[in-house]
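For the sequence shown, UniProt numbering gives the first residue as 1, with consecutive numbering after it. Note that the Cβ used here is the ideal one computed from N, Cα and C, for glycine as well. This one's a predicted model, so the numbers in the text were calculated from it and none came from an experiment.
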Amino acid sequence: MENTKIVACIDQSTYSAYVTDYAAWFANTLNKPLELLHIGDCPSPNMKNDITQKTPRRQLLNMYYDRALEKGVEPSLLGIHEEYGYFIEKIIQYESKIDLLVMGRRGEQTEKHQEVIGKSIQQVMRTLHTPILTIAEEFKTPKNSMLAFSGSEISKRLVKHLAQEKYCLSIPLYLIMSGDRTDERQEELDWAHKTLEHAGYKVISSFILGGGNIEDTVIRTVQEQCIDILFMGAFENNSLYNMIFGSKTVDLLRYLNIPILHLH
């Protein structure tokens with residue numbers, strides 16, 4: 001898409017620092033524009049729409065703007081934007097401008113509750129078709145990544161998206177498929193491997209055998225391989241909406257503190 005950018009959602013939670021750092025890393029890696037976006041409650045009618053006004057929210061955006069500059073983002077590729085209104089409505093209106101949306105997995109109301117996934121994340125993930133990178137802890141330079149591939153249409157679309165966008169080409173990409181190996185599933189895995197390898201990824205593909213569902217397999221493999229970034233779409237015939245509200249997927253979002261890039 002032309003004229004799209006990486007958009008990092010900023011609020012007053014501590015997660016905004018982590019969001020800024022990861023968004024800056026992706027912007028630098030992909031050489032794409034980065035915009036820091038804050039969506040606040042509707043302002044007072046007496047408040048002037050002046051970008052130079054030193055409101056607390058403007059100061060917040062300026063602080064993270066400086067942080068992104070410190071992380072190496074070129075000033076010509078960095079911007080800030082302020083919106084007012086209902087979060088999900090504004091994000092939907094903004095979607096056509098977004099290439100990758102970066103959000104904290106918890107926000108101002110939930111950052112102290114590790115067992116809770118932020119309401120805004122849930123709303124965005126079941127509504128937007130834009131790739132969403134959710135962040136749960138402070139920045140760590142990624143040394144590898146993993147794609148959980150099921151062979152479903154959404155997982156194939158994720159493979160094509162990764163091949164087009166070329167995320168994280170400089171680090172190994174573990175491509176896993178859960179369950180028994182069959183000729184048909186081997187062909188699907190081989191297709192994903194070749195597609196990603198042709199795009200420039202350093203692919204290591206394998207079947208992960210053993211009991212448990214795919215969410216359990218993902219959690220176990222991430223922990224065993226010390227994965228730094230997870231790419232994930234909807235598995236099998238489930239919609240991402242059902243995944244989010246299924247207990248195992250909530251466990252995945254809750255217990256895996258690594259960045260997770262979701263595609264609906």
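Helix or strand or just coil, what does DSSP make of Pro75? Position 75 of the sequence shown, counted from the first residue, corresponds to residue 75. The answer is helix: DSSP assigns Pro75 an H, G or I state.
How many Å lie between Met63 and Gln93 at the Cα? On the sequence shown, residue 63 is found 63 positions in, with the first residue counted as 1. On the sequence shown, residue 93 is found 93 positions in, with the first residue counted as 1. Roughly 26 Å separates the two Cα atoms.
Which of the three DSSP states is assigned to Ile10 in this structure? In the sequence shown, the residue the question calls residue 10 occupies position 10. Ile10: coil per DSSP, three-state reduction.
In whole angstroms, what is the alpha-carbon distance linking Arg220 and Ala23? What you label residue 220 is simply residue 220 of the sequence shown in a count that begins at 1. What you label residue 23 is simply residue 23 of the sequence shown in a count that begins at 1. Rounded to the nearest angstrom, the two C-alpha atoms are 26 Å apart.
Backbone CA spacing between Lys119 and Tyr167 [nearest angstrom]: Taking the sequence shown and counting its residues from 1, one reaches residue 119 at position 119. Taking the sequence shown and counting its residues from 1, one reaches residue 167 at position 167. Using only the alpha carbons, I get a separation of about 27 Å.
Express the C-alpha separation of Gln186 and Phe87 in angstroms, rounding to a whole number. Position 87 of the sequence shown holds residue 87. Position 186 of the sequence shown holds residue 186. When rounded, the distance between both Cα atoms is 42 Å.
Taking all protein chains shown into account, decide if Tyr255 is buried (16 or more other Cβ within 10 angstroms of its Cβ) or exposed. The residue you call residue 255 lines up with position 255 of the sequence shown. By the 10 Å Cβ count, Tyr255 comes out exposed.
What does the alpha-carbon distance come out to for the pair Asn31 and Gly179? For the purposes of this step, residue 31 is taken as the residue at position 31 of the sequence shown. For the purposes of this step, residue 179 is taken as the residue at position 179 of the sequence shown. Roughly 37 Å between the two C-alpha positions.
Spatial distance of Ile39 from Val218 (CA atoms): Position 39 of the sequence shown holds residue 39. Position 218 of the sequence shown holds residue 218. The straight-line gap from Cα to Cα measures roughly 33 Å.
Taking the beta strand (DSSP E) that Ile135 belongs to, which residues open and close that run? Within the sequence shown, the letter at position 135 stands for residue 135. Residues Ile132 to Ile135.
Just reading off the alpha helix (DSSP H) that Pro56 is part of, what are its end residues? Mapped onto the sequence shown, residue 56 falls at position 56. Pro56 to Glu70 is the extent of the alpha helix (DSSP H) around Pro56.
If you draw a straight line from the alpha carbon of Glu75 to that of Val159, how long is it in whole angstroms? As a first step, residue 75 must be located in the sequence shown, where it is residue number 75. As a first step, residue 159 must be located in the sequence shown, where it is residue number 159. In the sequence on display, residue 75 carries Pro and not Glu. Approximately 32 Å between the Cα atoms of the pair.
If you run the structure through DSSP and keep just helix, strand and coil, what is Asp190? Reading the sequence shown from its first residue, position 190 is the one you call residue 190. Here Asp190 sits in helix by DSSP.
Reference Lys143, options Ile229, Ile154 and Cys9, closest by Cα: The residue given as residue 143 occupies position 143 in the sequence shown. For the residues Ile229, Ile154 and Cys9, the minimum Cα distance to Lys143 belongs to Ile229.
Can you look up Ala148 in the DSSP assignment and give me helix, strand or coil? Position 148 of the sequence shown, counted from the first residue, corresponds to residue 148. Ala148 carries a strand assignment under DSSP once its states are collapsed to helix, strand and coil.
Ser16, DSSP secondary structure in three states: As a working mapping, residue 16 is identified with position 16 in the sequence shown. Helix at Ser16.
Among Ile176, Lys97 and Val124, which one has its Cα closest to the Cα of Met103? Numbered from 1 along the sequence shown, position 103 holds the residue referred to as residue 103. Closest by alpha carbon: Val124.
Does the distance from the CB of Ala148 to the CB of Asn257 come in under 7 Å? Stepping through the sequence shown from its first residue, residue 148 is reached at position 148. Stepping through the sequence shown from its first residue, residue 257 is reached at position 257. Contact: no.
Contact belief for Leu101 with Val7 at Cβ below 8 Å, rounded distance in angstroms: Position 101 of the sequence shown holds residue 101. Position 7 of the sequence shown holds residue 7. About 5 Å separates the two Cβ atoms, so the contact holds.
Report the three-state DSSP secondary structure of Glu197 (helix, strand or coil). The residue given as residue 197 occupies position 197 in the sequence shown. Three-state result, Glu197: helix.
Between Glu95 and the rest of its own chain, which residues show a CB-CB distance below 7 Å, the 5 nearest in sequence each way excluded? Mapped onto the sequence shown, residue 95 falls at position 95. Correct list, in chain order: Leu128 and Thr130.
Just confirm the distance between the C-beta atoms of Leu37 and Tyr65, as a whole number of angstroms; I'd bet it's less than 8 Å. Looking up residue 37 in the sequence shown gives position 37. Looking up residue 65 in the sequence shown gives position 65. Contact doesn't hold; Cβ gap of about 12 Å is too wide.
Helix or strand or just coil, what does DSSP make of Phe231? One-based indexing of the sequence shown puts residue 231 at position 231. Phe231 falls in the strand class under three-state DSSP.
Alpha helix (DSSP H) containing Lys156: first to last residue? Translated into positions along the sequence shown, residue 156 becomes position 156. First-last of the alpha helix (DSSP H) with Lys156: Glu153 to Glu165.
Taking 7 Å as the cut-off, decide whether the C-beta atoms of Ala27 and Val73 are in contact. Taking the sequence shown and counting its residues from 1, the one referred to as residue 27 is at position 27. Taking the sequence shown and counting its residues from 1, the one referred to as residue 73 is at position 73. Contact flag set, yes.
In three-state terms, what does DSSP make of Asp41? Sequence index remark: in the sequence shown, residue 41 carries index 41 (1-based). If DSSP states are grouped into helix, strand and coil, Asp41 belongs with coil.
So, are the CB atoms of Leu261 and Phe231 less than 7 Å apart? Position 261 of the sequence shown, counted from the start, is the residue given in the question as residue 261. Position 231 of the sequence shown, counted from the start, is the residue given in the question as residue 231. Result yes, Cβ atoms of Leu261 and Phe231 sit closer than 7 Å.
Looking only at DSSP bridge pairs, what is Met125 linked to? Translated into positions along the sequence shown, residue 125 becomes position 125. Met125 is bridged by DSSP to nothing; it lacks a bridge partner.
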